[in-house]
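Asks: Okay, here's the structure, questions in a sec.
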Amino acid sequence: MTVWLSRLTLNPLSRTVRGDLGDSASGIHLHRRVMSLFPDIEAEDARAKLGVLFRAEDTPQGYALLVQSTHEPDVARLPEDYGALRSRPLDPLLEALKPGRRIRYRCVANAVRRPGATTRELYKLKAMVPLSGRAADEWWQRQAAAAGLDMHTVLSRPVDAVRGPRGTSGEAAKQRMHHARTQFDGLAVINDADALRERIISGIGRAKSYGCGLLTVAPAGGDA
């Protein structure tokens with residue numbers, strides 16, 4: 001299985017791009033746009049079946065989407081003026097992951113906790129409580145450890161939440177969703193390369209359809 005990492009540089013002059021980015025539902029619009037890069041498949045969760053994860057990034061060169069998948073995306077499936085797509089296999093990087101290697105990482109994630117039924121009733125909490133600040137950092141530390149990483153530094157900042165209807169028709173169109181997002185950056189040392197490869201491919205946390213969960217790493221030098 002080949003894992004692909006693609007960068008879709010968006011055209012700021014495109015009316016379609018501006019529509020996708022123009023409101024708090026941008027995560028929903030971008031999910032649909034990213035999935036349009038791939039063939040339609042009959043599956044309950046096409047995103048997971050195709051291994052699709054993505055993250056929006058505001059770079060000095062303009063707005064871009066990082067898209068990871070187990071099927072090569074097809075730029076011909078985008079509107080003509082939407083943007084430029086470059087794809088490369090991620091396999092060489094995955095194979096180079098070794099215990100003791102220092103890496104830089106980035107992940108935009110939906111940091112939440114699930115209170116027990118008694119706690120929810122006592123404090124009138126929702127089933128999922130978004131985390132921020134130190135609580136979000138502690139959540140990330142646990143996720144990173146499960147991904148085979150020994151964290152050295154963590155820099156976190158909130159990212160705009162995804163808000164909007166759950167669907168385009170029927171009952172889903174009447175239901176509203178809200179996914180808080182936090183970006184985590186820093187340095188780490190690999191403890192378990194197999195666990196890290198698995199988490200890179202499968203993603204971290206919830207709300208993977210809406211720009212969360214993509215973990216990207218790069219060599220940092222100075223291996224332990």
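Residue numbers (the UniProt record's numbering): 1 to 224. Note that beta-carbon positions come from the ideal geometry of N, C-alpha and C, so glycine has one too. These numbers come from a predicted model, not from an experiment.
#1: Quick one: residues in its chain with C-beta nearer than 6 angstroms to the C-beta of L149, no 5 flanking neighbours on either side, listed in chain order?
#2: Indicate the three-state DSSP secondary structure (helix, strand or coil) for R134 in the structure shown.
#3: What three-state label does DSSP hand D150 in the structure shown?
#4: Is it true that the stretch 32-48 meets the stretch 92-111, where meeting means three or more beta-carbon pairs spaced less than 8 angstroms apart?
#5: Spell out a yes or no on whether the stretch 146-164 and the stretch 69-80 are touching, meaning 3 or more CB-CB pairs, one atom from each, closer than 8 angstroms.
#6: Helix, strand or coil: how does DSSP classify Q61 here?
#7: Please state whether DSSP places Y105 in a helix, a strand or coil.
#8: Assign G27 to buried or exposed, taking buried as 16 or more other Cβ atoms, counted over all protein chains shown, within 10 Å of its Cβ.
#9: For I201, does the three-state DSSP call read helix, strand or coil?
#10: Ignoring anything shorter than 3 residues or poking outside the stretch 3-62, list the beta strand (DSSP E) runs there in chain order.
#11: List the DSSP bridge partners of R157.
#12: Cα-Cα, which of I204, S209, R197, D192 is closest to M177?
#13: I'd like to check one pair, I103 with Q143: are the Cβ atoms closer than 8 angstroms?
#14: Could you name the residues of the same chain whose beta carbon sits closer than 6 angstroms to that of S24, not counting the 5 residues immediately before and after it, in chain order?
#15: Going by DSSP in three states, A188 sits in which element: helix, strand or coil?
#16: Secondary structure at A84, three-state DSSP: helix, strand or coil?
Replies: Walking through what the data contain:
#1: As a first step, residue 149 is located in the sequence shown; it is residue number 149 there, counting from the start. Around L149: A188.
#2: Your numbering for residue 134 matches position 134 in the sequence shown. Helix at R134.
#3: Reading the sequence shown from its first residue, position 150 is the one you call residue 150. Here D150 sits in strand by DSSP.
#4: no
#5: no
#6: Taking the first residue of the sequence shown as position 1, residue 61 is located at position 61. Of the three classes helix, strand and coil, the one that applies to Q61 here is coil, per DSSP.
#7: The residue you call residue 105 lines up with position 105 of the sequence shown. Reduced to three states, the DSSP call for Y105 is strand.
#8: Within the sequence shown, the letter at position 27 stands for residue 27. Flag for G27 reads buried.
#9: By 1-based counting over the sequence shown, the position of residue 201 is 201. I201: helix per DSSP, three-state reduction.
#10: 4-10, 53-59
#11: Counted from its first residue, the sequence shown places residue 157 at position 157. R157 is bridged to Q183.
#12: As a working note, residue 177 is residue 177 in the sequence shown. Nearest of I204, S209, R197, D192 to M177, Cα basis: S209.
#13: On the sequence shown, residue 143 is found 143 positions in, with the first residue counted as 1. On the sequence shown, residue 103 is found 103 positions in, with the first residue counted as 1. Cβ distance not < 8 angstroms, so Q143 and I103 don't count as in contact.
#14: As a first step, residue 24 is located in the sequence shown; it is residue number 24 there, counting from the start. Correct list, in chain order: R163.
#15: Within the sequence shown, numbered from 1, the residue matching residue 188 stands at position 188. Reduced to three states, the DSSP call for A188 is strand.
#16: Taking the first residue of the sequence shown as 1, we reach residue 84 at position 84. Residue state, collapsed to three classes: strand.
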